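>
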Amino acid sequence: MNKVSYEITPNPATMKFLLHRSVTEEGFDCPTAQDAERSPLASKIFGFPWTSSVYVGSDFITVTKQDWVDWELLAHPLSGLIQEHLDSNEPVVVDFTPVVEDENDTPIVRNIKSVLNREIRPAVALDGGDIVFYKYEDNILYIRMKGACSGCPSSQVTLKQGIEARMVELFPEIKEVVAV
1 MNKVSYEITP NPATMKFLLH RSVTEEGFDC PTAQDAERSP LASKIFGFPW TSSVYVGSDF
61 ITVTKQDWVD WELLAHPLSG LIQEHLDSNE PVVVDFTPVV EDENDTPIVR NIKSVLNREI
121 RPAVALDGGD IVFYKYEDNI LYIRMKGACS GCPSSQVTLK QGIEARMVEL FPEIKEVVAV
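Per the working numbering, the very first residue in the sequence shown carries number 1; after that it's consecutive.
(1) Report the rounded CA-to-CA distance for residue 38 versus residue 80, giving the unit in angstroms.
(2) For residue 27, which residues in the same chain have their Cβ closer than 7 Å to its Cβ, ignoring the five residues on either side in sequence?
(3) Would you call the CB atoms of residue 93 and residue 24 closer than 9 Å?
(4) Between which two residues does the beta strand (DSSP E) containing residue 5 stretch?
(5) For residue 132, which three-state DSSP category applies?
(6) Rounded to the nearest angstrom, how far is the Cβ of residue 131 from that of residue 118, given a contact under 8 Å?
(7) Quick one: give me the first and last residue of the beta strand (DSSP E) that residue 194 is part of.
(8) Could you pull out every residue in the same chain whose Cβ sits closer than 6 Å to the Cβ of residue 164, ignoring the five residues on either side in sequence?
(9) How is residue 35 classed by DSSP in three states: helix, strand or coil?
(10) So who's on the other strand from residue 137, going by DSSP bridges?
(11) Can you tell me where the beta strand (DSSP E) with residue 43 in it begins and where it stops?
(12) Report the residue from 137, 105 and 12 whose alpha carbon sits nearest the alpha carbon of residue 71.
(13) Considering only the beta carbon of each residue, do residue 9 and residue 16 sit closer than 9 Å?
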């Protein structure tokens, strides 16, 4: 297996990291950390303050850095971090279908689905799982846990201390979050 390598690009602020394997069929741009939710690796790279943007290509990642740091300091350690990510079999790209709003949804259901898509699902996807809206009835939010979340020993902790705590914080009318 080839190790992650890197090469310069015409943009001196951007370096291309070759993954030597396909990670997505269609590339996508991550100009901010919030836009990196589809890629756990891009999210990890945004954990560094010098990251300006990330592009995830079919078999490469390009990283654009801030001007105050040089590639001579970053390129080799960053290629090592990317290689560690690949070696640990963590996903580079997580494709999840957004929870679709229904025209009959109440305003709170629309807001719940929005928070699930924007915050909860990307966080859970980092661990290989997914959370899907099932229904909201009598101030109880019902969700389905999928993938790694389904049957995970810590799923109840995630459900109660993570998802339920966040949803009740945002929507005080929610009394409980239940997995079905």
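The beta carbon of each residue, even a glycine, is placed where N, CA and C say it ideally should be. Bear in mind that the values here come from a model prediction, so they are computed numbers and not experimental data.
Put simply:
(1) 21 Å
(2) 55, 56, 57 and 58
(3) yes
(4) 5-8
(5) strand
(6) With 8 Å as the limit, residue 131 and residue 118 do not qualify as a contact, their Cβ atoms being about 12 Å apart.
(7) Since the first residue shown for the chain is 1 and the last is 180, residue 194 is missing from the structure and cannot be characterised.
(8) 177
(9) helix
(10) 140
(11) Looking at the DSSP string, residue 43 is not in any beta strand (DSSP E); the run it does join, the alpha helix (DSSP H), is 40-45.
(12) 12
(13) yes
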